[in-house]
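What the sequence shown shows, in the numbering used here, is residues 20 to 353, in sequence order.
We put the beta carbon where it would ideally sit given N, CA and C, even for glycine.
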Amino acid sequence: MDWTKQHILVTGATGSFGRKFVEVMMNEYHPARLIIYSRDELKQHEMQTAGFVHPNLRYFIGDVRDRERMRRAFNGVDLVVHAAALKQVPACEYNPMEAVKTNILGSSNVVDAALDAGVKKVLALSTDKAVNPINLYGATKLAAEKLLIQSNAYAGGKATRFSCVRYGNVVGSRGSVVPLFIQQREKGEITLTDERMTRFWISLEQGVRFVINCIENMQGGEVFVPKIPSMKMIDLAKALAPEAQIRTIGIRPGEKLHEVLISEDEARTTIELADMYVVQPQAALWFGYDWSKKGSPLPEGFHYASDNNTEWLSVEEIQAMVSAFENETNHGGF
């Protein structure tokens, strides 16, 4: 793919992922145009004052709930990265219809706008919480995944193709536990919900580069899952604040002990590649790509969970990852 000829739009581009994606794109890939689409003018202003300024960058104020605004913004766009979402579990539980409007209806608007504008590829960001969801956030992301994937059939004869990326917790993303633990260590006490808890972890840099790779290889209908390490939350607390007291406060509503990236049922249609898994749709009503040509099917009974992972981060590796995050927070622009 010749990125220098691509016109790209990122929804929710002022978030943690979006900022890193813009930075990598403008530094290394030099697209013809990159549109930052978000509803928060303050965050757009902060990006510009942080150095995110370039002749090929465009700042569009708009909400994914506003289909007409997206239709205007998608005009002439080749690729869409759909990162906009309400992501905080407690906020989604307390404001359920707002989560539905943004995460589900907003994704539907992305699909319609992309089809109307003739966008070639749409890649949406999902989460491990979409697998066997027990909270509303996960349920809305599962619905968004299904909507995006099946929209390949809805596209009919149009060239537009839709795929998803699904990964775990992002180190240092806005509202994640890492900034919270960093704040708490100043007081000498870390609050942990459960000492048994595990999570998948990926850095912003890894997440962005995985998305770029998936855009280059997507055929339409895939859910791409990276092979990433797990982390024990108690190890994260010890790595961030070795001298602090750890206080267990109990698991929160809508929270799991362990997360799953591929369920046992999904594994039946999943192909394993060297660095990722490709979940193929169970019933593709469009001409899809057979990923078994590039990889291998998974064994019966396989499921990819944060507690049965074969790769784990040590305390030292966690410290290095968090140190890299802290260094990044002091860097802006490109």
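Next on the checklist: Please report the straight-line C-alpha distance between residue 39 and residue 81, rounded to a whole angstrom.
Outcome noted: 20 Å
Checklist entry - For residue 249 versus residue 344, is the C-beta spacing smaller than 9 Å? => result For residue 249 and residue 344, no; Cβs fall outside 9 Å.
Checklist entry - How should residue 296 be labelled, buried or exposed, when 16 other C-beta atoms within 10 angstroms of its C-beta is the threshold for buried? => result The residue in question, residue 296, is buried, as its Cβ has 16 or more Cβ neighbours within 10 Å.
Next on the checklist: Could you compute how far the alpha carbon of residue 148 sits from the alpha carbon of residue 265?
Outcome noted: If I take the Cα positions, the gap works out to 26 Å.
Checklist entry - What number of angstroms, rounded off, separates the C-alpha of residue 321 from the C-alpha of residue 329? => result Cα-Cα distance, rounded: 13 Å.
Checklist entry - What are the partner residues of residue 183, as DSSP defines its beta bridges? => result 143 and 242
Next on the checklist: Just list the residues that DSSP pairs residue 219 with in beta bridges.
Outcome noted: In DSSP, residue 219 forms a bridge with 249.
Checklist entry - How many Å lie between residue 183 and residue 144 at the Cα? => result 6 Å
Checklist entry - Would you report the Cα separation of residue 270 and residue 205, rounded to the nearest angstrom? => result 23 Å
Checklist entry - How big is the Cα-Cα spacing for residue 111 and residue 21? => result Between the C-alpha atoms of residue 111 and residue 21 there is a straight-line separation of about 39 Å.
Item to check | For residue 100, the residue or residues it bridges with in DSSP | outcome: 29 and 142
Checklist entry - Taking the alpha helix (DSSP H) that residue 276 falls in, what are its first and last residues? => result Looking at the DSSP string, residue 276 is not in any alpha helix (DSSP H), and its letter there is neither H nor E.
Item to check | Residue nearest to residue 268 in terms of C-alpha spacing, selected from 225, 310, 159 and 211 | outcome: 211
Next on the checklist: Using a Cβ-Cβ cutoff of less than 7 Å, which residues in the same chain neighbour residue 171 once the five nearest sequence positions on both sides are dropped?
Outcome noted: 180, 181, 239, 240 and 305
Checklist entry - Residues bridged to residue 57 by DSSP? => result Bridge partners of residue 57: 80.
Checklist entry - So, are the CB atoms of residue 103 and residue 57 less than 9 Å apart? => result yes
Checklist entry - Under a three-way DSSP split, which group does residue 289 fall into? => result strand
Item to check | Rounded separation between residue 243 and residue 185 - CA only | outcome: 6 Å
Next on the checklist: Rounded to whole angstroms, what is the Cα-Cα separation between residue 229 and residue 189?
Outcome noted: 13 Å
Item to check | For residue 46, the three-state DSSP class (helix, strand or coil) | outcome: Reduced to three states, the DSSP call for residue 46 is helix.
Checklist entry - In its own chain, which residues sit with a C-beta less than 7 Å from the C-beta of residue 133, not counting the 5 before and 5 after it? => result 93, 99, 141 and 179
Next on the checklist: So, for residue 17: in the same chain, excluding its five sequence neighbours on each side, which residues have a beta-carbon less than 8 Å away from its beta-carbon?
Outcome noted: Residue coverage of the chain in this structure runs from 20 to 353, which leaves residue 17 outside it and unanswerable.
Item to check | Reference residue 233; option with closest CA among 298, 123, 251 and 175 | outcome: Measuring from the Cα of residue 233, the nearest candidate turns out to be 298.
Checklist entry - So which of 316, 176, 196 and 310 has the shortest CA-CA distance to residue 259? => result 196
Next on the checklist: On the CB-based measure, 16 or more other CB atoms within 10 Å of its CB, does residue 160 come out buried or exposed?
Outcome noted: With 16 or more other Cβ atoms within 10 Å, it is buried.
Checklist entry - With distances taken between CB atoms, is the gap from residue 63 to residue 55 smaller than 9 Å? => result yes
Checklist entry - How would you call residue 325, buried or exposed, if buried means at least 16 neighbouring beta carbons within 10 angstroms? => result buried
Checklist entry - Assuming residue 291 and residue 314 make a contact with CB atoms under 8 Å, what is their CB distance in whole Å? => result 5 Å
Item to check | Best match in 263, 168 and 177 for proximity to residue 237 [C-alpha to C-alpha] | outcome: Nearest option by C-alpha distance: 168.
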